[in-house]
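J.: Below is one structure. I have some questions about it.
In my numbering, the protein residues as written are 682 to 1306.
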C-alpha cells in the first residue's frame, strides 16, 4: 500500500512537471489514463485530482535563436486562433475522488430492523403444513372446483326424474243449449212443446302416469261427472270411470340398461367432476408449496445480502482506519464504499422480492381483510432439508423412475377421468344401437264404470263393474332408411375410438411429465452439491484474501471482489436448495402422490388431514330434502 501511495504521488508530480518536459508529460498522461480506468468500481468513475493552474510560457533554451514573427492583422488572427483550438471534451465522470468519498450512503436502518425484528401484530408465522391447510380451506380455485361435483350430482338427480310419476287433475264446467231437430221437436211437442234442451255438466278427471325402468309406460285414470238437463224434466245424473293403460316396448326402448343410460352417464360425469376437482386440489397444493419455498428462498436471500452488507461495512471501516494511519489511500476507501452501496442495492431488491412472493402466497391462501387484500406479512418457519427428502432415490435412478411412472399411471386423476369418458362413450353407443331397432309396443287398456242419479250408487257401479271395456293390441313403426339412427350410431362408435386415443395420449403425457420431473430432481440435486462446494471454496478464498489485507499485500478492492463472489455463490446455493425442493414437489405432483405424502385424504369435496377436522370445501345442498 505504501508503494501504491508513492506511485500516485509521483504521478501527480509528473503531471505538474509536464510543462517543462513535454514528452515525459505525455507518458505521464498515458499512465494517468490507465489509472483512471483501473480505479473505476461498480460503474463509478474516479478522476485523479488535477487542479493545478495551466503552465506559464517557458523561456527558450540557450543557444537557440528564435525569430519574432511579424504581427498579424488584429481582425484575422484572433478568429483564426479561436477556430484552431478544439473545444475541451467534458469528462464522463465529473465526480472527484474527494467528492465521492464525502457522499453519504443510504440509511437502511429501518429496513434492516424490520427484517430482523418485525412487528408481531403485522406478521403471520406459518409452517408448510399450515400453509397447505389454509390453501385447501380458502383457495378460491379449489372452492369453485368443488361445486362441479355437486352440480353433476344435481344433473344425475334430475335424470332420475324421468321415472317419477306424474299426477294430473282436470276440472271442467260446461253450460250448453242445443236446438232439437223437427222430428224430435214434434215428438217433444206432445209432451209440452219444447224446442231446445239446456244442459249443465261438471267433469273431474284425475290421472297418474309414469315410466318404469324397463321402459314400461303406465297410466291410471279416474273420472267423475254430473250432468243436468231440461229435456223432459230430466233429473241430474252421476257417471264415473276407472281405467288403466299399459304400453310395453319390446324392441326399441326395452331393458333396464337402456333406460338408465342417462342416470349412469350422470353418475360418471359426477365422478369425472370429482377427479377434476381433485386435480385442482393437487395443482393448487403444489403451487402453494412452491410459493412457500419461494418465500423461504427470498427470506434467506435477504439474510445472505444482509451478511454481505455487514462484511462490506466492516471492510469500509477497516479501509478508513488504514487510510487514517497512512497504510492505504483514498481510493481504497472509495472502493470499499462503492461495495457497501452495491450491497445496499441488493438488500433493497431482496426485500422487494420478499414482498412480491409473499403476496403471491397470500393470493393462494386467499388471505384478506374484509374485501381488501391483506397487508399482513407472511414469515415462513420451515427451511429446506434435502437430506430428509427421500421421495426419489437418485442413486438408483432407473428403478426409481419406473416406480414413479407406475404411481402416476395408478394415482393421477386423469386415469379415472379417461376411463369414465370411455364408459360414457360405450353407453352412448349402446343407446344409439338400441335406437336403430324398430318400434314395437304391446298395448293393453281396461276400464270399468257406473252411472246413476245418486253418487253412492254410481261409485258402487264403478267398483262392481257396472260398465266395462278391455282393449289389447300391438303397434309398430319402422323408419325407412333409418339414417338418423344409423348416423348417431356411427358417431357413437367414433366417440369410443376418440376416447381411447385420448386415454393413450393422457398416459403418454403423464409418463413424460414424470420423466421431466425426475430429471429435474436429479439435476437440481447435483447442482446443489456443486453450489455447496463452490460456497466452501469461496469462503476459504475470502478468508485468505482478508488475511492478506491485514498484512498489507492486497487491496480492499480485491477483498471486495472475492466477497462479491462469495455472495453470488451463496445466492446460487440457496436457489439450488429451493429448486431441489420445488423439483421434489413437481415429481410428487406428476406421480399423483402429493396428497398421500402429506397425509391428506380427499374424497368428493371433503379434505381430511392429520390433526384437523374434516373441512367441507364446497357448500352443497342435500338433494331431495
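Yeah, the Cβ is synthetic: ideal placement off N, Cα and C, and Gly gets one too.
Being a predicted model, the structure only gives us computed values, none of them experimental.
Can you tell me whether DSSP reads residue 965 as helix, strand or coil?
T.: Residue 965 falls in the helix class under three-state DSSP.
J.: Can you check which of these residues, 859, 1088 and 1181, is closest to residue 1278 by C-alpha distance?
T.: It is 1088.
J.: Roughly how many angstroms lie between the CA atoms of residue 1258 and residue 1029, to the nearest whole one?
T.: About 22 Å.
J.: So is residue 1129 buried or exposed if we call it buried at 16+ other beta carbons inside 10 Å?
T.: Under this definition residue 1129 is a buried residue.
J.: Is the beta carbon of residue 1091 closer than 8 Å to that of residue 1180?
T.: No, these two residues do not count as a Cβ contact at 8 Å.
J.: Going by beta-carbon coordinates alone, are residue 637 and residue 1098 separated by less than 8 Å?
T.: This structure gives no information on residue 637, because the portion of the chain shown stretches from 682 to 1306.
J.: Which residues in the same chain have their Cβ closer than 7 Å to the Cβ of residue 1169, if we skip the five residues on either side of it in sequence?
T.: Answer for residue 1169: 1113 and 1116, listed in chain order.
J.: Run the CB neighbour count on residue 1151, radius 10 Å, all protein chains shown included, and call it buried at 16 or more, exposed below.
T.: Classification of residue 1151: exposed, given that the 10 Å Cβ count is below 16.
J.: Mind the definition here: the stretch 1040-1055 touches the stretch 1238-1250 only if three or more C-beta pairs lie below 8 Å; say whether that holds.
T.: Contact fails: fewer than three Cβ-Cβ distances are below 8 Å.
J.: Should the stretch 1255-1273 be regarded as contacting the stretch 1196-1204, the criterion being three or more beta carbon pairs within less than 8 Å?
T.: Contact holds: three or more Cβ-Cβ distances are below 8 Å.
J.: Which class does residue 941 belong to by DSSP, given the choice of helix, strand or coil?
T.: In this structure, residue 941 counts as coil in the three-state DSSP scheme.
J.: Thinking just about the alpha-carbon of each residue, which of 944, 886, 989 and 1208 is nearest to the one in residue 1027?
T.: Comparing Cα positions, the closest option is 989.
J.: Considering only residues of the same chain and omitting the five flanking positions on each side of residue 950, which have a CB-CB separation below 7 Å?
T.: Once the five neighbours on either side are set aside, the close Cβ partners of residue 950 are 833 and 836.
J.: DSSP on residue 1245, reduced to helix/strand/coil?
T.: Residue 1245: helix per DSSP, three-state reduction.
J.: Cutting at 6 Å between CB atoms, please list the residues of its own chain near residue 1003, excluding the five before and the five after it.
T.: If we look at residue 1003 and ignore the five residues flanking it on each side, its Cβ neighbours are 1009.
J.: Given that a residue counts as buried once 16 or more other Cβ atoms are within 10 Å of its Cβ, and exposed if not, what is residue 1119?
T.: That one is exposed.
J.: For the ligand ZN, is there any heavy atom lying closer than 7 Å to the beta carbon of residue 1121?
T.: With respect to the ligand ZN, the structure offers nothing, as it holds no ligand at all.
J.: Look up residue 925 in the DSSP assignment and say whether it is helix, strand or coil.
T.: Note: residue 925 maps to strand in three-state DSSP.
J.: Counting Cβ pairs closer than 8 Å, one from the stretch 1053-1065 and one from the stretch 1151-1166, do we hit at least three?
T.: Counting Cβ pairs under 8 Å, fewer than three are found: no touch.
J.: Which value, in whole angstroms, describes the spacing of the CA atoms of residue 815 and residue 1246?
T.: Residue 815 and residue 1246: Cα-Cα distance of roughly 39 Å.
J.: Just confirm the distance between the C-beta atoms of residue 1125 and residue 1147, as a whole number of angstroms; I'd bet it's less than 8 Å.
T.: Actually they are not in contact, since the Cβ atoms of residue 1125 and residue 1147 sit about 21 Å apart, beyond 8 Å.
J.: By the three-class DSSP mapping on this structure, what secondary structure does residue 931 have?
T.: Residue state, collapsed to three classes: coil.
J.: Tell me whether residue 1269 sits in a helix, a strand or coil according to DSSP, three-state version.
T.: Helix, per DSSP.
J.: Who are the Cβ neighbours of residue 959 in its own chain at under 7 Å, not counting the five residues just before and after it?
T.: Excluding positions up to five away in sequence, the list reads 1094 and 1283.
J.: Ends of the beta strand (DSSP E) at residue 806?
T.: That run of the beta strand (DSSP E) goes 804-807.
J.: Please state whether DSSP places residue 1148 in a helix, a strand or coil.
T.: Three-state DSSP puts residue 1148 in a strand.
J.: Roughly how many angstroms separate the alpha carbons of residue 898 and residue 931, rounded to a whole number?
T.: One C-alpha to the other measures close to 12 Å.
J.: Considering only DSSP beta bridges, list what residue 898 is partnered with.
T.: According to DSSP, residue 898 bridges with 892 and 928.
J.: Exposed or buried, which one is residue 917 when buried takes at least 16 other CB atoms within 10 Å?
T.: Exposed: under 16 other Cβ atoms inside 10 Å.
J.: Determine, using beta-carbon pairs with one atom in the stretch 931-944 and one in the stretch 955-969, whether at least three such pairs fall under 8 Å.
T.: No, the stretch 931-944 does not touch the stretch 955-969.
J.: Excluding the five sequence neighbours on either side, which residues of its own chain have a C-beta within less than 7 Å of the C-beta of residue 1192, listed in chain order?
T.: 1086 and 1089, listed in sequence order.
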